[in-house]
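Read in order, the letters of the sequence shown are residues -18 to -1, 1 to 82 in mature numbering (1 follows the signal peptide of the UniProt record, and there is no 0). By construction, the Cβ of each residue, glycine as well, lies at the ideal position given by its N, Cα and C atoms. Predicted model, so just to flag it, every value in this text is computed and none were measured.
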Amino acid sequence: MKLCGALIVLMTLSAAYGLRCYTCVNSSPSSCTQVLSCPTGFDRCSSVTASGYVTKSCMPSQLCISPIKCCSGDLCNGAIPTGPSVLLLLLSSAIITFFV
């Protein structure tokens, strides 16, 4: 029961603080680490890359058209993509499971 209460409090706090996105203008992808709390009406995190530079910010969903990439979770326009590391972790776990 205490766990349910804690989850409700955490969900309420995250909704009260709104969406958070990484933000930067014309920087290298690895240096874009500043976090911004999005203002009312800005319900997406955006990221656009041109000529090797990236611009990330909050954006209204109506403006999310190509080549702008948008997402809707907290910090979803991540500073550094983590996809390959997760794949390697799963692969190494599978190998260990089969051979140990």
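Bridge-paired residues (DSSP) for residue i
| i | result |
| --- | --- |
| residue 18 | 3 |
| residue 40 | 27 |
| residue 32 | 35 |
| residue 9 | 36 |
Beta-carbon gap between residue i and residue j smaller than 7 Å
| i | j | result |
| --- | --- | --- |
| residue 30 | residue 11 | no |
| residue 20 | residue 40 | yes |
| residue 59 | residue 3 | yes |
| residue 36 | residue 14 | yes |
| residue 43 | residue 26 | yes |
Residue i: first and last residue of the uninterrupted beta strand (DSSP E) it sits in
| i | result |
| --- | --- |
| residue 53 | 51 to 53 |
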